[in-house]
Amino acid sequence: MKISARNILKGKVTEIVKGATTSHVRIDIGGSVIVTASITNEAVADLALEKGKQAYAVIKASDVMVGID
């Protein structure tokens, strides 16, 4: 895999929660850290994602927001 994104986090799929059109995919990247991605159900099928499968969280964002209480 060769892509321009620099934040590539390797892990294992721990959960897939499917909605009507979108799924939330949770990836354990180690150290008790879970990254959650919202992707289409079609993408889940195309990637053959399932619990326990190795996957990468690829982060490419132009904005990062931070909030506090």
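Quick note: to get my numbering, add 53 to the position in the sequence shown (first position is 1). Positions of the beta carbon are idealized from the N, C-alpha and C atoms, including for glycine. Just so you know, these numbers come straight off a predicted model, no measurement behind them.
(Q) Less than 8 angstroms between C-beta atoms, sequence neighbours within five positions excluded: which residues of the same chain meet that for THR75? (A) Closer than 8 angstroms at Cβ, skipping near neighbours: SER91, ILE92, THR93 and ASN94.
Q: Assign ALA110 to one of two classes, buried (16 or more other C-beta atoms within 10 Å of its C-beta) or exposed (fewer than that).
A: So ALA110 ends up on the buried side.
Q.
Under DSSP, the beta strand (DSSP E) around ASP81 begins and ends at which residues?
A. Per DSSP, ASP81 belongs to the beta strand (DSSP E) from 75 to 83.
Q: Within its chain, find whatever has a CB closer than 8 angstroms to the CB of ILE69; leave out the 5 residues flanking it on each side and keep chain order.
A: These residues qualify, in order along the chain: SER76, HIS77, VAL78, ARG79, VAL97, LEU102, GLU103 and LYS104.
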